[in-house]
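Chemist:
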Amino acid sequence: MKYPLERSNKKQILVVDDKPDNLRLLSAMLAQHHYEVRKALDSKQVVASVEADAPDLILLDIRMPEINGYEVCRTLKSNPATTEIPVIFLSALDDTLDKVNAFSAGGVDYITKPFQEAEVLARIENQLKIRDLQRQLQVQNEELSRSNRELEQFAHVVSHDLQQPLQTIMGYTQLIALQEMEAEDSGSHECIEKILCAGDRMQRLIKDLLSYALTGQELQELTPVDCNSVLQQALANLSIVMRESETDLQYPELPVVLGNETQLILLFQNLISNAIKFVSAEVKPKIIITVDQTTETDYIFSVKDNGIGIDSDHLSNVFKGFNRLHSSKEYPGTGIGLATCQRVAENHGGKIWVESQLDEGTVFYFRLPAQIETYINEEEK
Ligand SMILES: Nc1ncnc2c1ncn2[C@@H]1O[C@H](COP(=O)(O)OP(=O)(O)O)[C@@H](O)[C@H]1O
Ligand SMILES: [Mg+2]
Numbered sequence: 035m036k037y038p039l040e041r042s043n044k045k046q047i048l049v050v051d052d053k054p055d056n057l058r059l060l061s062a063m064l065a066q067h068h069y070e071v072r073k074a075l076d077s078k079q080v081v082a083s084v085e086a087d088a089p090d091l092i093l094l095d096i097r098m099p100e101i102n103g104y105e106v107c108r109t110l111k112s113n114p115a116t117t118e119i120p121v122i123f124l125s126a127l128d129d130t131l132d133k134v135n136a137f138s139a140g141g142v143d144y145i146t147k148p149f150q151e152a153e154v155l156a157r158i159e160n161q162l163k164i165r166d167l168q169r170q171l172q173v174q175n176e177e178l179s180r181s182n183r184e185l186e187q188f189a190h191v192v193s194h195d196l197q198q199p200l201q202t203i204m205g206y207t208q209l210i211a212l213q214e215m216e217a218e219d220s221g222s223h224e225c226i227e228k229i230l231c232a233g234d235r236m237q238r239l240i241k242d243l244l245s246y247a248l249t250g251q252e253l254q255e256l257t258p259v260d261c262n263s264v265l266q267q268a269l270a271n272l273s274i275v276m277r278e279s280e281t282d283l284q285y286p287e288l289p290v291v292l293g294n295e296t297q298l299i300l301l302f303q304n305l306i307s308n309a310i311k312f313v314s315a316e317v318k319p320k321i322i323i324t325v326d327q328t329t330e331t332d333y334i335f336s337v338k339d340n341g342i343g344i345d346s347d348h349l350s351n352v353f354k355g356f357n358r359l360h361s362s363k364e365y366p367g368t369g370i371g372l373a374t375c376q377r378v379a380e381n382h383g384g385k386i387w388v389e390s391q392l393d394e395g396t397v398f399y400f401r402l403p404a405q406i407e408t409y410i411n412e413e414e415k
């Protein structure tokens, strides 16, 4: 195992040139400007030096015997351990500098000889600054992903563990409610009603939070899923509200998609339950589901309702979590359903969007990947 050398705070630059005079000249100039300079005369020395300890930047001569600078750069870029190091090419004025080749080999800039000191320094500074910012971004991204994962786990554990005690509270309250009904003179009837109502809301919130946390986990693999069965399971979960609201639902034969069944049930269920819920009083929900194969690889589904519609000012916000346009009194809910739907669509490499006008009903669309049939040749079987 190799240990990186002890490093100072100075930025390290590896200068690669097959002419010792050039090396000395550049090195002296860079050292004067507080860079730590390492030198290499050919491609072998470059690879050895970079592998021992990655420099912050490489100045790489294009014209070298045996392996030229472009090739060396390609080698460095193909190695994950060295791919991030910025490479600036050096070319003599009489070289026909192939700029396209320089960039396609992975270089970030080039300098032509004879050098102008100020230009060399400015180009180096520029690339070092970009590299620093990239590093900062990388660290921040990793930190963000980590804290997101932790939050997700936290939401999952908390909501899961809250379920049990809440169920106990609800169970005993229902028992008291029954005893209350027998003892008619008791005045606590209203209080018990309120407890049950609040408990019900809390149970719904926990259930929605759990679903949301579930869809935050990356899908391991997508398998063929029959959307007819998905829809039937979603409808079974909604059977009571469907019956009570006398919902009229129309849908065609649905296709097989590539997906995750549990998540797709959540998607259909949330959209249909919204379509049932967000209608004006006295209006019976009428929902139409359609599906279109737009390309060989995609299906676009739609769920259309005859509900209250969504104000154009709020359309872009409906997929944000905990965003509700109505009070719980008007339409009970948690504001997590559509955020969950968006995650499900995205987990499938798809998308969800909405078209709506106030009082005109709403159409939700989502795109899911089609299952591409693979025909196996009889002889290959
Ligand atoms: N079909 C719909 N018609 C009208 N408004 C809708 C519809 N679906 C969603 N909305 C609006 O978007 C908000 C977010 O939806 P959702 O995340 O499912 O939350 P919830 O159903 O818990 O309120 C809803 O509160 C509602 O204001
Ligand atoms: Mg909802």
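Heads up, the sequence shown is in this note's numbering, so the first residue is 35 and it goes up one at a time.
Quick reminder that beta carbons are idealized off the backbone N, C-alpha and C, glycines included.
For clarity, every value in this text was computed on a predicted model and none was experimentally measured.
Tell me whether P319 sits in a helix, a strand or coil according to DSSP, three-state version.
Modeler: Coil, per DSSP.
Chemist: Would you mind stating whether I64 and I47 have Cβ atoms separated by less than 8 Å?
Modeler: This sequence places Leu at residue 64; Ile is not what is there. Yes, these two residues count as a Cβ contact at 8 Å.
Chemist: So, using beta-carbon positions, are I323 and V337 closer together than 8 Å?
Modeler: Cβ atoms of I323 and V337: closer than 8 Å.
Chemist: List the whole-angstrom C-beta distance separating I370 from G355, where the pair is believed to meet the contact cut-off of C-beta under 8 Å.
Modeler: Right, the Cβ-Cβ distance comes to about 6 Å (below 8 Å), so this counts as a contact.
Chemist: Residues in its own chain within less than 8 Å of Y246 by CB, not counting five upstream and five downstream?
Modeler: Within the same chain, Y246 has close Cβ partners A189, G355, I370, A373, T374, R377.
Chemist: Do three or more CB pairs link the segment 251-265 to the segment 284-297 at distances below 8 Å?
Modeler: The segment 251-265 vs the segment 284-297: in contact.
Chemist: Which stretch, first to last residue, makes up the alpha helix (DSSP H) that contains Q267?
Modeler: 261-271 is the extent of the alpha helix (DSSP H) around Q267.
Chemist: DSSP three-state label for E413, please.
Modeler: No answer about E413 holds up, because its pLDDT of 46 lies below 50 and its placement is not dependable.
Chemist: Label K44 either buried or exposed according to how many other C-beta atoms from any shown protein chain fall within 10 Å of its C-beta, with 16 as the threshold for buried.
Modeler: Exposed is the call here.
Chemist: Return yes when the C-beta of G343 is under 7 Å from any heavy atom of ligand 2, and no when it is not.
Modeler: No.
Chemist: Please output, in chain order, the residues near ligand 2 using a CB cut-off of less than 7 Å to any non-hydrogen atom of the ligand.
Modeler: Output, sorted by chain position: N304, S307, N308, K311, G367, G371, L372.
Chemist: Please determine whether the Cβ atom of R165 lies at a distance below 7 Å from any heavy atom of ligand 1.
Modeler: No.
Chemist: Starting from K188 and walking both ways along the alpha helix (DSSP H), at which residues does that stretch end?
Modeler: Reading off the sequence shown, one finds Phe at residue 188, where the question assumed Lys. From DSSP, the alpha helix (DSSP H) with F188 extends over 151-216.
Chemist: Considering only heavy atoms of ligand 1, does any lie closer than 7 Å to the CB of N357?
Modeler: Because some heavy atom of ligand 1 lies under 7 Å away, the Cβ of N357 counts as near it: yes.
Chemist: Tell me whether K36 sits in a helix, a strand or coil according to DSSP, three-state version.
Modeler: No answer about K36 holds up, because its pLDDT of 46 lies below 50 and its placement is not dependable.
Chemist: Along the chain, where does the beta strand (DSSP E) containing T396 start, and where does it finish?
Modeler: First-last of the beta strand (DSSP E) with T396: 396-403.
Chemist: Can you check which of these residues, Y104, A126, L110, is closest to I119 by C-alpha distance?
Modeler: Of the candidates Y104, A126, L110, the one whose C-alpha sits nearest the C-alpha of I119 is L110.
Chemist: Hey, quick one: how far does the alpha helix (DSSP H) through S138 stretch, first residue to last?
Modeler: Run containing S138: 133-138, per the alpha helix (DSSP H) assignment.
Chemist: Could you check where the alpha helix (DSSP H) with T296 kicks off and where it finishes?
Modeler: Counting along the chain, the alpha helix (DSSP H) containing T296 begins and ends at 295-311.
Chemist: Which residues does DSSP pair with I274 in a beta bridge?
Modeler: None, per the DSSP bridge assignment.
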